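Under this note's numbering, the letters of the sequence shown match residues 1 to 104, in that order.
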Amino acid sequence: SESYTEGGAADQAAQASRKQKKGGNSKTHLPYEGKDVMFTPSNRGRPKLILKHYSFKRDKGDSTKTYWTCDKFSKFKCRCRAITYKSGQITVNEYEHNHPPDMK
1 SESYTEGGAA DQAAQASRKQ KKGGNSKTHL PYEGKDVMFT PSNRGRPKLI LKHYSFKRDK
61 GDSTKTYWTC DKFSKFKCRC RAITYKSGQI TVNEYEHNHP PDMK
C-alpha cells in the first residue's frame, strides 16, 4: 500500500512536470553585464531597480540577495525578474519583457 507522503510526492512531481510543459521553467538566470543599472526610490519610497530603462520592484530578499519583479507584472503579466547579490552581481531570468521600456 502507498503511504500518504509517497502519493503526495508523486502528485508534486506530476504538477512540476505540467508546469514546465505549460510555461517553461524560469529558474535559469543569466548574468547581466550592462552598464545601465540604477537603484532609486519609487514614488512611495520603496526600492526600485532600473535595468536598461525597465523598472523592477523589490519582491523579497535576505542578507545575500534581493529578488526583483518587473514593475509591469500586474499590467502586462511580464515575467522578467532579476536578482541582485551583495557581491554586486546581477542576474536576470530567461524571460524577455513583453512591453516597451520606460523612457521617462
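Every residue, glycine too, gets a C-beta built ideally from N, C-alpha and C. Source: prediction; values computed, not measured.
- Non-local C-beta neighbours of Ile50 in its own chain, meaning closer than 6 Å and more than five positions away in sequence, comprise Met38, ordered along the chain.
- Contact annotation: Tyr67 and Ile83 have beta-carbon atoms nearer than 8 Å.
- Under the three-state reduction of DSSP, Lys77 is assigned to coil, being neither helix nor strand.
- Per DSSP, the unbroken beta strand (DSSP E) holding Thr40 starts and ends at 37-41.
- Here Pro47 is bridged, per DSSP, to Pro41.
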